[in-house]
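Enquirer: Pasting a structure here, questions to come.
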Amino acid sequence: MRQNGKLDYLEMQAGAGAIDSVKAFYSAAFGWTFTDYGPSYAAYEEGLDGGFDGSAGRDTKPLPVLFSTDLEKSLEAVTEAGGQIVRPIFSFPGGRRFHFTDPAGNELAVWSE
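Structure representation (structure tokens):
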């Protein structure tokens with residue numbers, strides 16, 4: 006069961022055009038399987054769910070993703086706590102999310118179904 010505010014997903018970057026090689030590596034090295042969501046995104050369910058984003062122009066750092074039962078309320082709480090919103094709420098296949106940076110500069114996302 007998903008819980009509000011808990012780490013729920015880990016998105017890692019594959020680099021533009023490299024999604025197939027990243028999938029091949031993790032499949033060969035660890036036996037991972039993937040669900041493709043378009044030509045540049047592949048999700049995995051290997052302990053902690055996550056995915057690889059192969060779209061151009063993204064940072065290469067992993068993106069921890071927290072779950073929220075009320076996305077707007079979470080955005081307000083992040084802002085009030087001193088987080089900086091770097092991507093306002095947007096829709097994606099499976100739900101909606103926003104990205105923020107914490108006081109140390111780490112980027113995280115919060116998503117809701």
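Be aware that the sequence shown starts at 6, since it is given in this note's numbering, and climbs by one per residue.
The beta carbon of each residue, even a glycine, is placed where N, CA and C say it ideally should be.
Name the DSSP bridge partner or partners of Y31?
Expert: Start at 1 with the first residue of the sequence shown, and residue 31 comes out as number 26. DSSP, once it has assigned bridges, lists no residue as partnering Y31.
Enquirer: Looking only at its chain, what residues have a beta carbon closer than 6 Å to the beta carbon of D1, apart from the 5 residues adjacent to it on each side?
Expert: One cannot answer for residue 1 here, as it falls past the ends of the chain, which runs 6 to 118.
Enquirer: Given this structure, state the Cα-to-Cα distance separating D75 from Y42, to the nearest angstrom.
Expert: Here residue 75 corresponds to residue number 70 of the sequence shown, with the count starting at 1. Here residue 42 corresponds to residue number 37 of the sequence shown, with the count starting at 1. Approximately 25 Å, taken between the alpha carbons.
Enquirer: If you count every other CB in all the chains shown that lies within 10 Å of the CB of R7, and 16 or more means buried, which is it?
Expert: Start at 1 with the first residue of the sequence shown, and residue 7 comes out as number 2. It is exposed - the Cβ of R7 has fewer than 16 other Cβ atoms within 10 Å.
Enquirer: What distance in whole Å lies between the Cβ atoms of F105 and Q89, which are believed to be in contact at a cut-off of 8 Å?
Expert: Against the sequence shown, residue 89 aligns to sequence position 84. Against the sequence shown, residue 105 aligns to sequence position 100. Contact holds; Cβ gap of about 6 Å.
Enquirer: What did DSSP end up calling T74 once you bin it into helix, strand or coil?
Expert: Working through the sequence shown from its first residue, we reach residue 74 at position 69. In the structure shown, T74 sits in coil (DSSP, three-state: anything other than H, G, I, E or B).
Enquirer: Is the Cβ-Cβ distance between V70 and W116 less than 8 Å?
Expert: Numbered from 1 along the sequence shown, position 65 holds the residue referred to as residue 70. Numbered from 1 along the sequence shown, position 111 holds the residue referred to as residue 116. Cβ atoms of V70 and W116: closer than 8 Å.
Enquirer: Which residues mark the beginning and the end of the beta strand (DSSP E) in which F97 is found?
Expert: Walking along the sequence shown from the start, residue 97 turns up at place 92. Counting along the chain, the beta strand (DSSP E) containing F97 begins and ends at Q89 to F97.
Enquirer: Mapping the DSSP letters down to three states, classify E118 as helix, strand or coil.
Expert: Position 113 of the sequence shown, counting from 1, holds the residue named residue 118. In the structure shown, E118 sits in coil (DSSP, three-state: anything other than H, G, I, E or B).
Enquirer: Is the CB-CB distance between K28 and F39 below 8 Å?
Expert: Numbered from its first residue, the sequence shown carries residue 28 at position 23. Numbered from its first residue, the sequence shown carries residue 39 at position 34. Yes, the pair counts as a contact, with Cβ atoms nearer than the cut-off.
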